[in-house]
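Engineer: This structure is in structure tokens; I'll ask about it shortly.
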Amino acid sequence: MAQRSGHSEAVTGGSAGDIGWRSLTESCRALVIRNRTDERWLYLALQHDRILDYCRQVAAQGLLHVPDSVWALALMDAESFIGSLRRMLRLCELIRRSGLPQVARIRQPINLFVRQVEKVTSLRNLQEHIDR
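With numbering that gives the first Met the number 0 applied, the sequence shown corresponds to residues 0 to 131, in that order.
Dropping the structure here:
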């Protein structure tokens with residue numbers, strides 16, 4: 000797993016990472032992007048489903064009858080969901096910088112996703128930095 004993490008940092012890092020990223024072949028960059036996108040999408044889908052399950056539980060039991068432990072788990076999943084959205088945003092930026100010719104075809108959906116998610120992640124910033 001450490002090797003994967005190191006590869007991820009080299010591939011998605013800052014300007015020093017860009018040098019390593021650009022040195023990868025086009026097919027390798029496309030494979031990294033596809034694998035990361037699949038992985039992130041799975042995380043998002045699972046966390047979204049869990050959050051919906053919590054909402055259904057609240058609707059079925061009533062707001063005041065849901066145990067505190069369920070609320071705590073729901074909040075943790077919501078924070079993880081927003082974190083996954085932020086990682087997907089970084090992946091969108093990686094796709095934009097990838098230099099792959101296929102990016103032109105998906106530019107509009109990426110821009111739409113980014114506009115929608117930036118609103119959600121700003122809520123995270125508000126929650127994280129409530130003292131400011």
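C-beta: ideal position from N, C-alpha, C; glycine also.
#1: Just tell me which of A73, L93, I50 has its CA closest to the CA of L30.
#2: CB Y42 to CB S83, shorter than 8 Å?
#3: Contact defined as beta carbons within less than 8 Å: I believe L90 pairs with R33. What is the distance between those atoms, to the nearest angstrom?
#4: Is S4 helix, strand or coil when you go by DSSP?
#5: Could you work out which residue in R85, E78, D76, G61 is closest to F112 when comparing CA atoms only?
Structural biologist: Inspection of the coordinates gives the following:
#1: L93
#2: yes
#3: Not really, about 11 Å apart at Cβ, beyond 8 Å.
#4: Because the pLDDT at S4 is just 41, under 50, the model does not fix this residue reliably, and the value given afterwards should be weighed accordingly. Correct three-state label for S4: helix.
#5: R85
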